[in-house]
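**Student:** Please see the structure below; I have some questions.
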Amino acid sequence: MPCHEVEIHVFPPLKEETQDDLYSLTRFPDDAVRLRNPHIQEMEQDILYHLALGSGSHDLVEMFSDVRFVCMGGTPKRMEGFANYIMDEIGHKLPAGTTLLDISYHSYRYSMYKVGPVLCFSHGMGIPSVGILLHEVIKLMYHAKCKNPIFFRLGTCGGIGIEGGNLVITESAVDGMMQPYLELPVLGKMQRRPAILDKQLANDLKNLHCDTDPFSVTVGKTMCTYDFYEGQGRLDGAFCDYKEEDKLEFLQKIHDANVVNMEMESLCFAALCQHAGIKAAVICVTLLNRLHGDQVSTPKETLNKWQEYPQMLVARYIKKQIGLPFDIPQREHPQVVKNPKQAHMVRQESACFE
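One point on numbering: in our numbering, the residue at position 290 of the sequence shown is 291, and numbering is uninterrupted.
If you want it as structure tokens, here you go:
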């Protein structure tokens, strides 16, 4: 039987939105988040499937209306660690006898922790995973009536011309073909959304770097790929139809075009945040310099330390925004413990009488 070709159309270019246009589409007069989807208002309940929350089952205003900062990273473990870290940095207190709870535990997909005005999520790996989460988090901001939230992606990446253990702040994202927009098939037509990030936010973050920090900070373009192996020109995947010199030529070419790192989420993150009118930034730590190899050989202990660097910079920004000194933590030991050494001795004494 003859094959039938599927005709692909591209949505005609939309009129470029001014800042005023974008604001009116994405904000109510009181600065609360407005959705670019009129159907949500007609629904009896909006179920956020992958967060295990619903607009009818939960009081989302009571739970989340004070959220000002949304921080996302790849793994549940990393974001749980960040939630505990930011709790100490801003001095947020939990009631005695309680601990942080993964609010989305019953979804078995993403993790979510709330620390005062900071909401922490794991977004999984790749564009499809972060895209699904962003749809539901943006809707959560709408249902909770949050005002002008700021989104951050804290991640890891491969540096291009930058050695491992340093930070890259994304000024703009491109795909594997150097196109600065996210392509998404919608109803048989290709939707293109610009992957734009807030330049002032990127500069503000860079300016929080201290001379004593064990890392450098570079602002540049990020290449976001749909694949970890062939899509990033690696030589160590199950398939490889190119030579090492082809890989190095490509990496040098994009490096000359100011691409300084590679990862797999920034394009979608930037495009959806821009479409929602949300100020956003991507801060990643490099795990290696791709011009020197493909596999990460750094000891795990060092990698774990490096992954704290994006958290340090974002914590400084949050503290500055809420009026706290950004260079010192508000609490250096668990909030209910005055003297860690004596607390350890008390636990030892108590254990003797079990």
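Every residue gets a Cβ at the ideal spot worked out from N, C-alpha and C, and that includes glycine.
What is the residue span of the alpha helix (DSSP H) that F270 lies within?
**Tutor:** That run of the alpha helix (DSSP H) goes 267-276.
**Student:** What are the uninterrupted segments assigned as beta strand (DSSP E) that are 3 or more residues long and contained completely in the segment 206-286, given in chain order?
**Tutor:** Taking only runs of at least 3 residues, the beta strand (DSSP E) segments lying wholly in the segment 206-286 are 218-225, 260-264.
**Student:** Excluding the 5 residues preceding and the 5 following L120 in the sequence, name in chain order all residues of the same chain whose CB lies nearer than 6 Å to its CB.
**Tutor:** These residues qualify, in order along the chain: V68, V71.
**Student:** Does the structure place the segment 233-249 close enough to the segment 98-110 that three or more beta carbon pairs sit under 8 Å?
**Tutor:** In short, these stretches do not touch, since the Cβ pair count stays below three.
**Student:** Tell me which same chain residues have a C-beta within less than 8 Å of the C-beta of F29, skipping the five on either side of it?
**Tutor:** Here the set comprises R35.
**Student:** Determine the contact status of E266 and R154, defining contact as a CB-CB distance below 8 Å.
**Tutor:** Cβ atoms of E266 and R154: closer than 8 Å.
**Student:** Please work out which residues of its chain come closer than 6 Å, Cβ to Cβ, to H210, disregarding the five sequence neighbours upstream and downstream, and give them in chain order.
**Tutor:** Excluding residues within five positions, the ones whose Cβ falls inside 6 Å are V218.
**Student:** Indicate the three-state DSSP secondary structure (helix, strand or coil) for E43 in the structure shown.
**Tutor:** Three-state result, E43: helix.
**Student:** May I have the straight-line CA-CA distance separating K342 from F83, to the nearest angstrom?
**Tutor:** The alpha-carbon atoms of K342 and F83 are separated by roughly 24 Å.
**Student:** Return the CA-CA distance between C257 and F216, expressed in angstroms with no decimal places.
**Tutor:** Correcting the residue type first, residue 257 is Asp in the shown sequence and not Cys. Computed Cα separation, rounded: 23 Å.
**Student:** Closest by CA to Y111, which one among H51, Q42, G162?
**Tutor:** Selected option, being the one with the closest Cα: H51.
**Student:** Counting beta carbon pairs with one atom in the segment 302-321 and one in the segment 220-228, are three or more of them shorter than 8 Å?
**Tutor:** With a cut-off of 8 Å, the segment 302-321 and the segment 220-228 do not count as touching, because too few Cβ pairs lie within range.
**Student:** Bridge partners for C158 per DSSP, in chain order?
**Tutor:** The partner list for C158 (beta bridge, DSSP) reads T287.
**Student:** Where does R348 land, buried or exposed, given buried means 16+ other C-beta within 10 angstroms?
**Tutor:** Per the 10 Å Cβ criterion, exposed.
**Student:** Taking 6 Å as the limit between beta carbons, can you name the residues of its chain near Y230, skipping five residues before and five after?
**Tutor:** Once the five neighbours on either side are set aside, the close Cβ partners of Y230 are G238.
**Student:** Under the rule that 16 or more other beta-carbon atoms within 10 Å means buried, what is R79, buried or exposed?
**Tutor:** It is buried - the Cβ of R79 has at least 16 other Cβ atoms within 10 Å.
**Student:** Taking all protein chains shown into account, decide if P311 is buried (16 or more other Cβ within 10 angstroms of its Cβ) or exposed.
**Tutor:** The residue is buried, with at least 16 neighbouring Cβ atoms inside 10 Å.
**Student:** Between which two residues does the alpha helix (DSSP H) holding P77 run?
**Tutor:** Here the alpha helix (DSSP H) through P77 covers 77-91.
**Student:** Consider the C-beta atom of D295 and the heavy atoms of the ligand ATP; say whether any pair is separated by less than 7 Å.
**Tutor:** For the structure depicted, the ligand ATP is absent and the ligand set is empty, with no information on it obtainable.
**Student:** Contact check, I41 vs K140 under 8 Å by CB: the rounded distance?
**Tutor:** Going by Cβ atoms, the distance from I41 to K140 rounds to 7 Å, so yes, they are a contact pair.
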